[in-house]
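Here's the structure, in structure tokens; my notes come after.
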Amino acid sequence: MLGAGMAGLVHAVPLAERFERVTLVERDSLPDRAEPRTGVPQGQHIHLLVPGGLTRLEELLPAVADDLSGRGAHLIGAPEWRFHMGGGRLDLRGTDFRITGATRPLIEHVVRARVLAPGGVEVLDGWAARELLTTSDRSRVTGVRLRSEADPTEERALAADLVVDTTGRGSRSPRWLADLGYLPPAEERLKVDVHYTTRLFRRSPRDLDGSRNVLVDVPPAGRRGGVALAVEEGRWLVTLIGMLGERPPADLTGFTEYASGLWNGDIHDVVSGGTPVGDAVRAAFPSFSRHRYDRLRRLPERYLVAGDAVCSFDPRFGQGMTVAIIEALEMRRVLDEHGLDRIGPRVLSSARWAVQDAWDLAAGGDLAHPEVEGPRPLSWRLTTAYLERLLPVAHRDPLVGAALIRVIGMLDRPQRLMRPQLLRRVLAGSRRNGSRTPASGSAVRSPA
Ligand SMILES: Cc1cc2nc3c(=O)[nH]c(=O)nc-3n(C[C@H](O)[C@H](O)[C@H](O)COP(=O)(O)OP(=O)(O)OC[C@H]3O[C@@H](n4cnc5c(N)ncnc54)[C@H](O)[C@@H]3O)c2cc1C
0 MLGAGMAGLV HAVPLAERFE RVTLVERDSL PDRAEPRTGV PQGQHIHLLV PGGLTRLEEL
60 LPAVADDLSG RGAHLIGAPE WRFHMGGGRL DLRGTDFRIT GATRPLIEHV VRARVLAPGG
120 VEVLDGWAAR ELLTTSDRSR VTGVRLRSEA DPTEERALAA DLVVDTTGRG SRSPRWLADL
180 GYLPPAEERL KVDVHYTTRL FRRSPRDLDG SRNVLVDVPP AGRRGGVALA VEEGRWLVTL
240 IGMLGERPPA DLTGFTEYAS GLWNGDIHDV VSGGTPVGDA VRAAFPSFSR HRYDRLRRLP
300 ERYLVAGDAV CSFDPRFGQG MTVAIIEALE MRRVLDEHGL DRIGPRVLSS ARWAVQDAWD
360 LAAGGDLAHP EVEGPRPLSW RLTTAYLERL LPVAHRDPLV GAALIRVIGM LDRPQRLMRP
420 QLLRRVLAGS RRNGSRTPAS GSAVRSPA
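Going by numbering that gives the first Met the number 0, 425 is the number at position 426 of the sequence shown; the sequence numbering is gapless.
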């Protein structure tokens with residue numbers, strides 16, 4: 000495994016179940032506590048596991064939710080979320096899905112401890128993957144060349160029956176493949192020029208009447224959004240989002256003013272009433288991209304790419320870690336059925352649905368902004384029109400609210416929103432209401 004981020008960790012689990020020795024090669028020196036690290040710069044911003052991610056993580060690591068809560072993470076049930084989308088708050092009464100309320104370093108720390116505990120996985124940290132090693136005809140990957148971060152003159156070769164690239168959005172796989180004479184994957188890129196600024200605040204259990212998660216979406220006609228999440232050690236983690244070049248300020252006054260400009264006041268209530276903890280952190284992501292490894296005709300044997308190295312999503316719905324978990328589960332299934340035979344193409348193809356759903360959902364929301372460039376096919380326009388009807392109904396009808404959350408939370412495929420029972424409810428509800436809302440999460444594909 001190249002890279003010991005979330006994708007590397009979760010992929011190590013099925014491998015360790017089947018192989019004698021799994022090595023996690025990591026460029027950073029891994030901390031023995033839950034703390035931010037250089038290799039995961041996004042880790043200081045909001046990071047939650049959506050319901051479909053938490054449930055599936057438990058399939059890989061049974062009772063990991065207990066480990067998380069034992070370390071201070073919140074497990075937050077849907078009635079405690081304030082999910083402000085499409086001009087109103089989703090009605091989630093009677094819905095019992097859970098998300099995590101924890102910092103990314105804590106999630107990663109707990110997952111890493113669980114992955115390493117049984118002893119079949121070893122960590123080689125402080126080493127960066129430099130290039131792939133192959134058979135002389137370059138048809139099969141046989142290992143990887145590593146370079147020491149402490150002493151760049153020191154190199155070593157690591158032989159392996161399988162190499163999995165989970166080095167994140169900066170992955171060199173396209174270059175490595177080209178150097179070996181393979182076509183690199185086509186890249187789909189979405190330019191959104193998004194900026195995040197994050198601050199921690201002290202949290203009182205009385206804040207927001209006990210609600211522990213707030214999402215204020217970026218409306219199609221606007222550029223500002225935000226998320227507030229109750230995390231370990233009695234804190235709120237607040238990430239303010241600016242799209243299309245808008246930059247949430249880092250200083251407390253500017254941060255608070257920016258929060259007051261969101262279309263819903265919950266995050267401003269958290270920020271203006273809270274005591275800040277530490278300094279702000281900022282990050283900018285000019286674009287998100289998807290590498291179409293799944294479409295390549297040729298890949299070397301014994302080679303797989305996963306996680307953000309395949310696709311980095313706009314995190315507006317927090318699905319990146321969940322997609323990595325689904326990929327790991329798909330890899331487990333493929334290993335059971337086919338062993339290592341054509342493992343790369345098989346896993347990429349069987350996990351395509353998850354990447355596609357998350358990409359459509361996030362990119363569709365981005366494309367609702369007229370300034371964002373990208374294809375808007377008929378299916379996108381139809382779905383957007385449908386969601387404009389669905390959202391106002393989801394503000395009043397818990398069944399519709401829950402159906403939408405099941406899709407955003409990756410418990411259901413987007414097509415489930417088109418089932419006849421729900422269609423009838425949406426159409427009847429929107430006739431009664433007579434209103435439409437600009438859809439911000441507008442990429443749920445029509446079944447066509
Ligand atoms: C602002 C922001 C907020 C997000 N919020 C959420 C959220 O709420 N929920 C969610 O599910 N997802 C979220 N994501 C997405 C999430 O961060 C990623 O999808 C997830 O971390 C993917 O894991 P990964 O292991 O593929 O990559 P990473 O977690 O980035 O890990 C890559 C690892 O590879 C290592 N590495 C890099 N190069 C080398 C090399 N050459 N050799 C060895 N090691 C190397 C790095 O040091 C790092 O440890 C968010 C993303 C952003 C940008």
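All residues carry an ideal CB built from backbone N, CA and C; glycine is no exception.
(message) Can you look up residue 441 in the DSSP assignment and give me helix, strand or coil?
(response) In this predicted model, residue 441 has a pLDDT of only 43, less than 50, meaning its place in the structure is not dependable enough to derive any value.
(request) Please state whether DSSP places residue 7 in a helix, a strand or coil. (result) helix
(message) Quick test of your reading: residue 12 and residue 67, contact by CB under 8 Å. State the CB separation rounded to the nearest angstrom.
(response) 16 Å between Cβ atoms; not a contact.
(message) My output table needs one value for residue 325: the three-state DSSP class, helix, strand or coil.
(response) helix
(message) For ligand 1, I want to know if residue 314 counts as a neighbour, meaning its beta carbon is within less than 7 Å of at least one of the ligand's heavy atoms.
(response) yes
(request) Kindly identify the DSSP beta-bridge partner or partners of residue 241. (result) According to DSSP, residue 241 bridges with 194, 223.
(request) My understanding is that residue 126 touches residue 26, with C-beta atoms under 8 Å, so please give their C-beta distance in whole angstroms. (result) Right, their Cβ atoms sit about 7 Å apart.
(request) Please specify which runs of the alpha helix (DSSP H), each continuous and at least 4 residues long, are wholly inside the stretch 90 to 126, giving them in chain order. (result) 103 to 115
(request) Assign residue 0 to one of three DSSP states: helix, strand, or coil. (result) coil
(request) Would you kindly work out how many angstroms separate the C-alpha atoms of residue 363 and residue 379, rounded to a whole number? (result) 7 Å
(request) Go to residue 80, then tell me how far its beta strand (DSSP E) extends in each direction, as first and last residue. (result) 80 to 84
(message) Determine whether the beta carbon atoms of residue 124 and residue 29 lie at a separation below 8 Å.
(response) yes
(message) Which of the three DSSP states is assigned to residue 266 in this structure?
(response) helix
(request) Under 8 Å by Cβ, that's how I've got residue 78 and residue 97 pegged, so tell me the actual separation to the nearest angstrom. (result) With 8 Å as the limit, residue 78 and residue 97 do not qualify as a contact, their Cβ atoms being about 11 Å apart.
(request) Take residue 99 as the anchor and find which of 121, 75, 196 has the nearest alpha-carbon. (result) 75
(message) What would DSSP say about residue 181, mapped onto helix, strand or coil?
(response) Reduced to three states, the DSSP call for residue 181 is coil.
(message) I need the DSSP call for residue 252, collapsed to helix, strand or coil.
(response) helix
(message) To the nearest angstrom, how far is the alpha carbon of residue 442 from that of residue 382?
(response) Interpretation of residue 442 is limited by its pLDDT of 38, a score under 50 that renders its predicted location unreliable; the figure taken from the coordinates is listed afterwards. Answer to the nearest angstrom: the Cα atoms are 7 Å apart.
(request) Using the Cα positions of residue 159 and residue 302, report the straight-line distance between them to the nearest angstrom. (result) Rounded to whole angstroms, the gap between the alpha carbons of residue 159 and residue 302 is 10 Å.
(request) Tell me, please, whether the stretch 304 to 315 touches the stretch 227 to 236 by the rule of three or more beta-carbon pairs shorter than 8 Å. (result) no
(request) Tell me where the beta strand (DSSP E) around residue 141 begins and ends. (result) 140 to 147
(request) Report yes if the C-beta distance between residue 207 and residue 269 is below 8 Å; otherwise report no. (result) Closer than 8 Å, so yes.
(request) Could you spell out where the alpha helix (DSSP H) holding residue 363 opens and where it closes? (result) Where residue 363 is concerned, the enclosing alpha helix (DSSP H) starts and stops at 351 to 366.
(request) Tell me whether the beta-carbon of residue 217 lies closer than 8 Å to the beta-carbon of residue 0. (result) no
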